[in-house]
Each structure stands twice: as structure tokens, then as C-alpha cells.
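Student: What follows is a single structure, and I will ask about it in a moment.
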Amino acid sequence: MPPYDPSAYPPFAVTVDLVVLTVRRHALCTLVVRRGESPYQGRWALPGGFVRAEEDLGAAAARELVEETGLCAHDPAAPPPVPSNGAHLEQLATYGAPDRDPRMRVVSVAHLALAPDLPAPRAGGDANSARWAPVEELLGEDALAGEAEAAAAAGGAGSEEKEGGPQALAFDHARILADGVERARSKIEYSSLATAFCPPEFTVGELRRVYEAVWGVSLDPRNFHRKVTGTPGFLVPAGGTTTRQGGRPAQLFRAGGATLLNPPMLRPEV
152 MPPYDPSAYP PFAVTVDLVV LTVRRHALCT LVVRRGESPY QGRWALPGGF VRAEEDLGAA
212 AARELVEETG LCAHDPAAPP PVPSNGAHLE QLATYGAPDR DPRMRVVSVA HLALAPDLPA
272 PRAGGDANSA RWAPVEELLG EDALAGEAEA AAAAGGAGSE EKEGGPQALA FDHARILADG
332 VERARSKIEY SSLATAFCPP EFTVGELRRV YEAVWGVSLD PRNFHRKVTG TPGFLVPAGG
392 TTTRQGGRPA QLFRAGGATL LNPPMLRPEV
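Here is the structure:
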């Protein structure tokens with residue numbers, strides 16, 4: 152093998168960014184942190200960080216998930232029950248535009264994390280605050296249009312908060328978030344992924360509100376109940392009832408063993 156000179160190639164870094172989605176107050180929300188350092192100081196961004204030299208990508212994403220949310224990545228191959236602090240974690244996509252980070256060439260491997268209603272977040276690392284934000288607030292037309300402007304203004308005078316309207320996310324995080332939301336919306340059509348937004352035991356009504364929040368639509372309760380209870384392997388009776396939603400006692404279910412839904416739960420045309 153001929154001698155290899157690493158200095159002959161330009162250096163670049165690898166990061167992981169997290170699209171952490173949950174349902175809060177019947178709305179699909181994502182975790183964002185306000186950057187405390189340049190570039191994009193003061194802007195909201197997705198949580199994430201640089202991959203350490205000894206880490207593989209999955210380990211880096213799982214570490215960032217624990218640091219940002221206190222959640223552990225749930226192994227989908229592990230038998231139920233899912234741990235109370237477990238979250239679904241999967242690789243989303245890779246983003247490597249040469250100018251996506253003004254510091255240096257940075258390639259980001261984004262991951263999607265899904266979990267039930269989560270508590271108020273705590274900021275860490277180079278973030279000075281964190282919050283759950285409705286995705287429609289961050290993915291409005293004004294916010295998406297401001298993504299290019301934000302990239303051009305990185306670290307400069309144009310990076311301060313604007314008065315009113317959606318605030319463009321730092322880097323290319325609006326695009327990453329949009330991809331993560333679309334991944335979640337499409338996967339709950341043909342897989343049991345929607346149950347990742349629910350506690351270990353849940354009602355059909357609670358599951359329906361997950362679909363409504365993720366898809367941004369209203370669903371007919373009777374038709375939904377018939378579909379989900381009639382799909383083989385989707386739901387398993389948990390053997391109890393609850394009145395936590397008010398009204399008459401509702402039957403509790405757990406996620407069944409099916410990973411793919413047949414027939415699928417197709418999104419209504421909006």
C-alpha cells in the first residue's frame with residue numbers, strides 16, 4: 152500500500168442533529184435550543200453536536216438524546232414493555248452542502264427521535280435555553296423563506312432575533328426538520344410508529360389524537376376505531392380501562408407485534 156498523507160485532503164467534521172418530536176397539548180412539537188455561541192448566536196436550532204473520535208454515529212445520536220432530553224434510545228428488537236424513558240431513534244438523512252456551516256466543512260447525519268409527551272427541556276452544551284415548539288410555527292412559509300437569509304447572515308448583524316413572525320432556524324435546520332416531520336407523517340401510514348408517541352398503555356382516542364397532531368387533520372372517531380382495532384397485530388388489549396380523558400371508561404391497549412400495517416392507514420387528502 153503506498154504511503155497515505157491525510158494532510159493532502161481538506162479536513163471536515165461530522166455532527167449529529169436530532170429532530171425530536173412529541174405531541175404536547177394535541178400539537179406536534181419539536182425540541183429546539185437557542186444557540187449561546189457563534190455562529191447563529193441567539194438563533195433557535197435543533198439539538199445536536201460533533202461526533203467524538205471514538206463514537207460511531209448511532210452512539211453519538213444516542214448520547215446527544217440523553218444529554219438533551221434524558222431519554223434512552225429504545226432498541227426496536229427488544230421485547231416489550233418499552234422502558235418509560237425510552238424513545239424511538241432512527242437515522243433520517245445526511246446533509247453535506249459545502250456552505251451549510253460557516254466555521255468549516257461539516258457533514259451532519261440527522262436522526263429522528265419520537266417519544267410520548269415529554270417534560271420541559273433543560274438546555275445544555277452551547278445552548279442557553281430550550282423549548283418545545285409547534286412544528287407549524289417553525290415550518291411556516293416565512294420561516295422556510297428565512298432559511299437562506301439566516302445562512303447568509305451567520306455570525307453577522309443579521310443573526311439577531313426579528314420582531315414578530317416565525318423565526319428561521321440556524322444552519323439548514325428548517326430543511327432537516329421538514330424532512331423529519333415528513334418522515335414521521337409517512338411512516339405512521341404503513342407502520343406502527345404512531346404508538347411511539349403514546350405511553351405503554353393508551354386508548355384508541357389517545358392514538359387517534361396522535362395521528363391528528365402528526366398529520367394536522369381531524370379524523371372520524373368511529374372509522375378510526377374500526378381501522379386500528381381491525382388491523383392485525385396493531386393493538387393488543389391491555390386488560391384495563393381508564394377515565395383520564397374524561398367521560399366513560401375507555402379500554403386500554405398496548406402496541407402489538409406488527410411493524411407494518413396491512414392495510415395501511417392512509418392520510419386523508421387535505
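The sequence shown begins at 152 in my numbering and counts up by one.
A virtual CB, placed ideally from N, CA and C, is assigned to each residue, including glycine.
A quick note: this is a predicted structure, and the numbers were derived from the prediction, not measured.
(1) Which residues in the same chain have their Cβ closer than 8 Å to the Cβ of residue 307, if we skip the five residues on either side of it in sequence?
(2) Would you mind reading off the limits of the beta strand (DSSP E) that contains residue 287?
(3) Here's the rule I'm using: 16 or more other beta-carbon atoms within 10 Å means buried, otherwise exposed. How should residue 259 be labelled?
(4) For the 8 Å Cβ check, are there 3 or more pairs between the segment 203 to 215 and the segment 385 to 398?
(5) Judging by CA-CA distance, which residue of 351, 170 and 409 is the nearest neighbour of residue 382?
(6) Measure the Cβ-Cβ separation of residue 194 and residue 345 and say whether it is below 9 Å.
(7) Starting from residue 220 and walking both ways along the alpha helix (DSSP H), at which residues does that stretch end?
(8) Pull up the distance between the alpha-carbon of residue 203 and that of residue 282, whole angstroms please.
(9) Residue 246 by DSSP, collapsed to three states: which one?
(10) Would the segment 335 to 345 count as touching the segment 392 to 405 if we require 3 or more Cβ pairs under 8 Å?
(11) What number of angstroms, rounded off, separates the C-alpha of residue 310 from the C-alpha of residue 187?
Tutor: To lay it out plainly:
(1) Along the sequence shown, read from residue 1 onward, the residue named residue 307 stands at position 156. In this prediction, residue 307 scores a pLDDT of 44, lower than 50, which makes its location untrustworthy; the coordinate-derived value is nonetheless stated afterwards. Same-chain partners within the cutoff: there are none.
(2) The residue labelled residue 287 in the question sits at position 136 within the sequence shown. Boundaries for residue 287: no beta strand (DSSP E) harbours it, while the alpha helix (DSSP H) harbouring it runs 286 to 289, taken from the DSSP string.
(3) If you number the sequence shown from 1, residue 259 lands on position 108. Label assigned to residue 259: buried.
(4) Counting C-beta pairs closer than 8 Å gives fewer than three between the segment 203 to 215 and the segment 385 to 398, which falls short of the contact rule.
(5) The residue you call residue 382 lines up with position 231 of the sequence shown. Here the closest residue by C-alpha is 409.
(6) Mapped onto the sequence shown, residue 194 falls at position 43. Mapped onto the sequence shown, residue 345 falls at position 194. Not in contact: residue 194 and residue 345 (Cβ atoms no closer than 9 Å).
(7) As a position in the sequence shown, residue 220 is number 69, starting the count at 1. Where residue 220 is concerned, the enclosing alpha helix (DSSP H) stretches over 208 to 220.
(8) Residue mapping note: residue 203 aligns to position 52 of the sequence shown, counting from 1. Residue mapping note: residue 282 aligns to position 131 of the sequence shown, counting from 1. Their backbone Cα atoms lie some 26 Å apart in a straight line.
(9) Taking the sequence shown and counting its residues from 1, one reaches residue 246 at position 95. Residue 246 carries a strand assignment under DSSP once its states are collapsed to helix, strand and coil.
(10) Touching, no, given that fewer than three Cβ pairs across the two stretches are closer than 8 Å.
(11) On the sequence shown, position 159 is the one that residue 310 refers to. On the sequence shown, position 36 is the one that residue 187 refers to. Residue confidence for residue 310 is low, a pLDDT of 41 falling below 50, so the modelled location carries little weight; the figure read from the coordinates is stated next. Each residue's Cα considered, the two are about 12 Å apart.
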